[in-house]
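In terms of the numbering used here, the sequence shown is numbered consecutively and its last residue is 609. Notes for the one structure printed next.
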Amino acid sequence: MNKPNYQRPVFILGMHRSGTSMVARALNEAGVYMGAIRDHNAEALYAVDLNERLFSTSEASWWQPPTQEDLKGNMPLFEQDLSREDLFGAHLKHYSGRLATLKLSHSGKWGVKDPRLCYTLPWWLERFPEAKVIWVLRDEQEVVQSLMRRQFKKDEAQSSLTEASALALVRSYNEAAAVNIRNSGVDHKVLKYSDLVSEDEMLQRKTWFSLYQFIHIRPGQMTGFKRKSNRTIKAPAPIEKLDLPTEGPLVSVIVPNYNHAPFLPQRIESILKQSYRNIEVLLMDDKSPDNSCEILLDYAESDDRVSYLFNKHNSGSPFAQWEKGAAWAKGKYLWIAESDDCCELDMLALHVHALESNEDAVVTYSHSHLVDERGQFLRDFKDDYSFIFGDASRWSNDFTAHGPSEVASTMVFSNTIPNASGALFRKAVFDRVGAPEVTWKLNGDWLFYARLLQEGDVVFHAQPRNKFRFHEHTQRNRAIASYTAFDEILNMYAVFELNHWVPLETLQRARAQVAMWWAANVFSMARTSDVLQNNIRLYHSFRVYRKGLLAYIFKNGLIKITGQLFIMLGLKKPVKKLAARLFPKTFFPH
Numbered sequence: 020m021n022k023p024n025y026q027r028p029v030f031i032l033g034m035h036r037s038g039t040s041m042v043a044r045a046l047n048e049a050g051v052y053m054g055a056i057r058d059h060n061a062e063a064l065y066a067v068d069l070n071e072r073l074f075s076t077s078e079a080s081w082w083q084p085p086t087q088e089d090l091k092g093n094m095p096l097f098e099q100d101l102s103r104e105d106l107f108g109a110h111l112k113h114y115s116g117r118l119a120t121l122k123l124s125h126s127g128k129w130g131v132k133d134p135r136l137c138y139t140l141p142w143w144l145e146r147f148p149e150a151k152v153i154w155v156l157r158d159e160q161e162v163v164q165s166l167m168r169r170q171f172k173k174d175e176a177q178s179s180l181t182e183a184s185a186l187a188l189v190r191s192y193n194e195a196a197a198v199n200i201r202n203s204g205v206d207h208k209v210l211k212y213s214d215l216v217s218e219d220e221m222l223q224r225k226t227w228f229s230l231y232q233f234i235h236i237r238p239g240q241m242t243g244f245k246r247k248s249n250r251t252i253k254a255p256a257p258i259e260k261l262d263l264p265t266e267g268p269l270v271s272v273i274v275p276n277y278n279h280a281p282f283l284p285q286r287i288e289s290i291l292k293q294s295y296r297n298i299e300v301l302l303m304d305d306k307s308p309d310n311s312c313e314i315l316l317d318y319a320e321s322d323d324r325v326s327y328l329f330n331k332h333n334s335g336s337p338f339a340q341w342e343k344g345a346a347w348a349k350g351k352y353l354w355i356a357e358s359d360d361c362c363e364l365d366m367l368a369l370h371v372h373a374l375e376s377n378e379d380a381v382v383t384y385s386h387s388h389l390v391d392e393r394g395q396f397l398r399d400f401k402d403d404y405s406f407i408f409g410d411a412s413r414w415s416n417d418f419t420a421h422g423p424s425e426v427a428s429t430m431v432f433s434n435t436i437p438n439a440s441g442a443l444f445r446k447a448v449f450d451r452v453g454a455p456e457v458t459w460k461l462n463g464d465w466l467f468y469a470r471l472l473q474e475g476d477v478v479f480h481a482q483p484r485n486k487f488r489f490h491e492h493t494q495r496n497r498a499i500a501s502y503t504a505f506d507e508i509l510n511m512y513a514v515f516e517l518n519h520w521v522p523l524e525t526l527q528r529a530r531a532q533v534a535m536w537w538a539a540n541v542f543s544m545a546r547t548s549d550v551l552q553n554n555i556r557l558y559h560s561f562r563v564y565r566k567g568l569l570a571y572i573f574k575n576g577l578i579k580i581t582g583q584l585f586i587m588l589g590l591k592k593p594v595k596k597l598a599a600r601l602f603p604k605t606f607f608p609h
């Protein structure tokens, strides 16, 4: 018999109890062949067997999964002789041992579903690099409760999970999926379980239609999907309250200000009222045209912990103030508290406790909420993590990470420390690395953090203690300097490559991602000859990393023109919300 002329496979992955079986069954009904011999969870048994045996090479199981390092070391030696044809043959083989009639039944789409693919995806992609990936994500607390209800049922995989270990397991599967999808650069689509079973029929229809469209098949069932259980989900246990210090090593707090007079009282009060008391504060002003200096002087005169330093001429760079403030600072730790932000009153104590408890840590930071000019909540920064990485579950829990590894696997794709206000630095390491490049306008902190993390660990706190203010003035500054921001990122990646901080393959994927960011922002930049010339230059730089870039630019131009029409008609807000619902990886609702 001739070798089968098969199409690219679809790999469906996601944590157990996340809705992957529902997706697999729906796709099978729509014509995506999910295998000749399947279990009750729509998993092809040959694939389950392969993934289980691959896990066993690291003495692991589905509920005690291997580390990424162990699995990576074992994959190259596992079933080396199994070819694509062997695997496709196993996919088609019936109980009789004969292959099905390929021409009639299996010349179309086909797929493999198994939660363990979150970990074993690289092995499968080595044989099927053209594959598409569907990643189903469900609220982690819903998954935990489902696992706890079903772990002792006869027809389910057995385990000895507690709620705490189940939650850790969910996060480990999601992190493995995120890392493997990102590192491979595979064509993928992220689906939210809540959208797949939404009571909003239009949202459910749009979600399923986008799935069928992604796979390029005729749409199957698009409505009528429901949750299997309507039981109330148990709320997560409150985080244990730490006995945080109020005294300890001196912390130097510098407040670099420019033209933020309306926000200064809240900013400074949130520093001076911190539960951690051993601080020195330097209020800095970079020749503001407003009445900032008057406000800063009032605070300096009313608290003996506070000094001030006002520039006679504007420095032209926020990072010049960082450098000057760090030279003034005498503390063991350094907090750069941006003048338009604010925070919870125990944040500094938590950060000092973290760095005092881990001598290898060079920086610690707290999760951020974005707020508007009035301090009203705008969005959780997890929305940004989800937008960039496809999954924000990693930032749902406190963690400590090895600095160089964090840069190589995560920070290469985005500046994951939203702003300096939410961070505390070890001053000796700050001095050794040096302040950010003063000639950089927007991304100097990103490169600075990458340099800093080469020196030690990073500690993250999941509770949102930092309030990152996002307002019109901030956005306008970003828009004015937008093309230079992309120059800075390319220059930063050159530093990464020169110092071998990131594998070249990963770095090229990061450059390709930034190319798409640039293309999406071209029509939001100023319309001047200088901007045009620089964007033409950037296009020639970025097209090396991303195919089809010019077509993407034209598509965004059309979207921009349509958007201007909606603004003229007064429909901007409702259309933006609808676009965010239909294309959550492309548009924010805000």
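Cβ coordinates follow ideal geometry from the N, Cα and C atoms, glycine included.
- The alpha-carbon of GLU288 is positioned some 33 Å away from that of SER501.
- Secondary structure at GLY130: strand, using DSSP grouped into helix, strand and coil.
- For ALA427 and GLY453, the gap between their C-alpha atoms comes out near 21 Å.
- Positions of the beta strand (DSSP E) runs, each at least 3 residues long and wholly inside the region 460-525, are given as 476-488 in order along the chain.
- Under the 8 Å Cβ criterion, the region 546-557 does not count as touching the region 427-446, having fewer than three qualifying pairs.
- DSSP, reduced to helix, strand and coil, places ALA420 within a strand of the structure shown.
- Taking the CA atoms as reference points, THR39 sits about 7 Å from ILE31.
- Under the DSSP assignment, PRO275 falls in the beta strand (DSSP E) whose first and last residues are 270-276.
- SER77 and ASP89 do touch by the CB rule: their CB atoms are close to 4 Å apart, below 8 Å.
- Taking C-beta atoms as the reference points, MET53 and LEU46 count as a pair closer than 9 Å.
- Beta-bridge analysis with DSSP links GLU98 to no other residue.
- A buried status is given to PHE561, since no fewer than 16 other beta-carbon atoms sit within 10 Å of its beta-carbon.
- Using a Cβ distance threshold of 9 Å, VAL51 and GLY130 count as a contacting pair.
- DSSP, reduced to helix, strand and coil, places ILE200 within a helical segment of the structure shown.
- The continuous beta strand (DSSP E) containing TYR327 extends over residues 325-329.
- Here DSSP, grouped into helix, strand and coil, assigns GLN395 to coil.
- With a minimum length of 3 residues, the unbroken runs of beta strand (DSSP E) contained wholly in the region 346-414 fall at 352-355, 380-390, 396-399.
- Under DSSP, ASP304 takes part in a beta bridge, and its partners are ASN276, PHE329.
- Within the DSSP secondary-structure output, VAL431 pairs in no beta bridge.
- DSSP places LYS91 inside the alpha helix (DSSP H), whose first and last residues are 87-93.
- Assignment of VAL29 by DSSP, reduced to helix, strand and coil, places it in the strand class.
- In the DSSP assignment, VAL426 falls outside any beta strand (DSSP E) and carries neither an H nor an E.
- Comparing C-alpha distances from LYS245 to each of PHE467, GLY463, MET41, HIS110 shows the shortest one belongs to MET41.
- Separation of the CB atoms of THR383 and ALA373 is rounded to 4 Å, and the pair is thereby assigned contact status at 8 Å.
- Residues PRO238 of the same chain have their beta carbon placed closer than 6 Å to that of TYR231, with the five preceding and five following residues left out of the count.
- The secondary-structure analysis by DSSP pairs GLN83 across a beta bridge with SER80.
- Membership of PHE444 in the beta strand (DSSP E) is indicated by the continuous run 442-445.
- When DSSP reads this structure, VAL209 sits in a beta bridge with TRP154.
- It is roughly 46 Å from the alpha-carbon of TYR295 to the alpha-carbon of LEU136.
- Rounded to whole angstroms, the Cβ separation of SER412 and ARG201 is 14 Å, and the two are not in contact under 8 Å.
- For the options ASN199, VAL198, MET167, the alpha carbon positioned closest to that of ALA185 is the one of MET167.
- In the DSSP assignment, GLU313 falls within the unbroken alpha helix (DSSP H) covering 311-321.
- Look at the beta carbons and you see the region 355-362 touching the region 477-492: at least three pairs across the two are nearer than 8 Å.
- Between ASP206 and VAL152, the alpha-carbon positions lie close to 6 Å from each other.
- If you look at PRO141, you'll find it in the alpha helix (DSSP H) that goes 136-146.
- A direct Cα-Cα distance of roughly 6 Å separates ARG530 from TYR564.
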